Amino acid sequence: MPPEVSVIIPAYRAAKTIARALVSVAAQTLKPYEAIVVDDGSDDGTCEAALALEPRMNGVRLKVFRQSNRGAGAARNRAVAEASRPILAFLDADDEWLPEKLARSLAHIEDGHYLLVAHNGLIVENGKESLIDGARRFREGGAPFVSLYRKGYLDTCTVVTRRDAVIAAGGFDPTLKNGQDFEMWLALLKQPGTRFLVFDEPLSRYHVTPGGIMSNTERRLACCLKIAGRYAPDLKKHPGSAIYSLWFRIFAVHYEAVQVYVKQRKFTALLVLLLKLPFLLFSMTVAFVFVPPPQRPRFLEK
Numbered sequence: 007m008p009p010e011v012s013v014i015i016p017a018y019r020a021a022k023t024i025a026r027a028l029v030s031v032a033a034q035t036l037k038p039y040e041a042i043v044v045d046d047g048s049d050d051g052t053c054e055a056a057l058a059l060e061p062r063m064n065g066v067r068l069k070v071f072r073q074s075n076r077g078a079g080a081a082r083n084r085a086v087a088e089a090s091r092p093i094l095a096f097l098d099a100d101d102e103w104l105p106e107k108l109a110r111s112l113a114h115i116e117d118g119h120y121l122l123v124a125h126n127g128l129i130v131e132n133g134k135e136s137l138i139d140g141a142r143r144f145r146e147g148g149a150p151f152v153s154l155y156r157k158g159y160l161d162t163c164t165v166v167t168r169r170d171a172v173i174a175a176g177g178f179d180p181t182l183k184n185g186q187d188f189e190m191w192l193a194l195l196k197q198p199g200t201r202f203l204v205f206d207e208p209l210s211r212y213h214v215t216p217g218g219i220m221s222n223t224e225r226r227l228a229c230c231l232k233i234a235g236r237y238a239p240d241l242k243k244h245p246g247s248a249i250y251s252l253w254f255r256i257f258a259v260h261y262e263a264v265q266v267y268v269k270q271r272k273f274t275a276l277l278v279l280l281l282k283l284p285f286l287l288f289s290m291t292v293a294f295v296f297v298p299p300p301q302r303p304r305f306l307e308k
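Numbering (the numbering used here), first residue to last: 7 to 308.
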């Protein structure tokens, strides 16, 4: 009997890569029950390319849906709503899993100690493959929510979690143009006592698209700061200095932006970014201390 897993795959203009993603699902040593592809308004034949893979799914049920372009968060919410199994595994349409991914992930999540399980991955850029060592990043311990808030990264195609938890948290925020996945993981883990695991095996490949990492730097920074502000009040529920964690996160997202601007030689934008930083630190700290925490909206109904 296939494990009780639904694979969640948002897709946008992925006609050239969706086959690679779906074939990697079908090649799992422990196959999921179903793979759900949501075509988010593509104009390149993504939906048709996904449907063409049905004969090659090795018994994995394939569901393909099409919707108007509303972003990755809305596409993931549609897939979660359509999922029929209690465990969700996430994959993007331009990435792929290694064959043992589900077997190894389920071995950890089914013991009941972790709400969310992830693992190391491989990043492929310009024909070169290197390790994403997420396990080392989170090995230091501490409160799981605080650790994730500060470090700020879990590769989506490594994550396995429970459907009821995603729905209870309200689903992915479709208003965020970047970081919807990171925001979702924080929503899952913000309650004290919840735990996650990043284990030390590279079981996925993240394929970098040309310009993908260095495009829309300002938009990415704005979304990261919005998420940091939204979850800063939850830091007070966990051990450690909440102010320190907030400042750590602000400096971390600015450091990422600085690296991109230096690589792109956008020195004017870099100067503006650094000049704004003290005022941003002040305003976000004041908001953290004096402004009541906002209620996270529901983006996915039960």
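Backbone N, C-alpha and C fix where the C-beta goes; we use that ideal spot for every residue, glycine too. Everything numeric in this text was worked out from a predicted model, so none of it was measured.
Name the DSSP beta bridge partners of residue i, please?
i	result
Q73	D46
S136	I129
V29	In the DSSP output, where bridge partners are listed per residue, V29 has none listed.
R67	E40
F305	Answer by DSSP bridge pairing: none, since F305 is not bridged.
L94	S12 and T167
W103	S210
Taking C-alpha atoms, which residue in the options lies nearest to residue i?
i	options	result
F188	M63, R91, K269 and R156	R156
K183	Q34, A87 and K232	K232
V44	Q34, A33 and I24	I24
R72	T200, I42 and D98	I42
N126	D161, S247 and A171	D161
V29	Y120, D100, R82 and A263	D100
E88	R76, E102 and S12	S12
L287	E307, A258 and L59	A258
R169	L194, D179, R145 and Q186	L194
K196	D179, V130, F144 and L121	L121
S90	L154, T223 and I14	I14
V172	G79, T223, G246 and F144	G79
Q4	T223, A141 and R142	Summary: the structure shown does not reach residue 4, with the chain confined to residues 7 through 308, and so no result is reported for it.
G65	I249, I256, F202 and V31	V31
H114	P150, V70 and R201	R201
G140	A124, D117, L59 and K269	A124
L241	L59, N83, K69 and A149	A149
M290	G246, V268, C230 and K269	C230
E262	A248, R225 and D117	R225
D206	R255, H260 and R145	R145
P303	I249, T274, V268 and A174	A174
Just verifying my parser: in three-state terms, what is the DSSP assignment at residue i?
i	result
Y18	coil
Y212	strand
S289	helix
E309	Beyond the ends of the chain as shown, which are 7 and 308, falls residue 309; an answer cannot be given.
V266	helix
A55	helix
F202	strand
A238	helix
V123	strand
Y155	helix
H260	helix
N83	helix
S111	helix
T223	helix
Q186	helix
P298	coil
E116	coil
P284	helix
K243	helix
K196	coil
L160	coil
A311	This structure does not reach residue 311, given that the chain is present from 7 up to 308, and the question cannot be answered.
Does residue i get closer than 7 Å to chain C when you measure Cβ to Cβ?
i	result
T274	No chain C is part of this structure, which consists of one protein chain only.
Rounded to the nearest angstrom, how far is the Cβ of residue i from that of residue j, given a contact under 8 Å?
i	j	result
P9	L94	The Cβ separation is near 12 Å, so there is no contact.
L252	F294	6 Å
A39	R62	The sequence given here places Tyr at residue 39; Ala does not occur at that position. 17 Å between Cβ atoms; not a contact.
P105	A33	5 Å
C53	L97	Between L97 and C53 the Cβ distance is about 17 Å, and since that is not below 8 Å, they are no contact.
V152	H244	5 Å
F305	G176	5 Å
L36	L108	5 Å
P198	R76	About 33 Å; that fails the 8 Å criterion.
F178	R82	5 Å
Following a CB-centred definition, is residue i positioned closer than 6 Å to any heavy atom of the ligand NAD?
i	result
K242	Annotation note on the ligand NAD: not contained in the displayed structure, which lists no ligands.
Is the region 9-27 in contact with the region 39-48, if contact means three or more CB pairs nearer than 8 Å? yes
Check whether the region 201-216 touches the region 135-143, counting contact only when three or more Cβ pairs, one atom from each stretch, lie closer than 8 Å. Note that the region 201-216 touches the region 135-143; at least 3 beta-carbon pairs, one per stretch, sit closer than 8 Å.
Could you check whether the region 232-248 touches the region 275-284, counting it as contact only if at least three pairs of C-beta atoms, one from each stretch, sit closer than 8 Å? Counting Cβ pairs under 8 Å, fewer than three are found: no touch.
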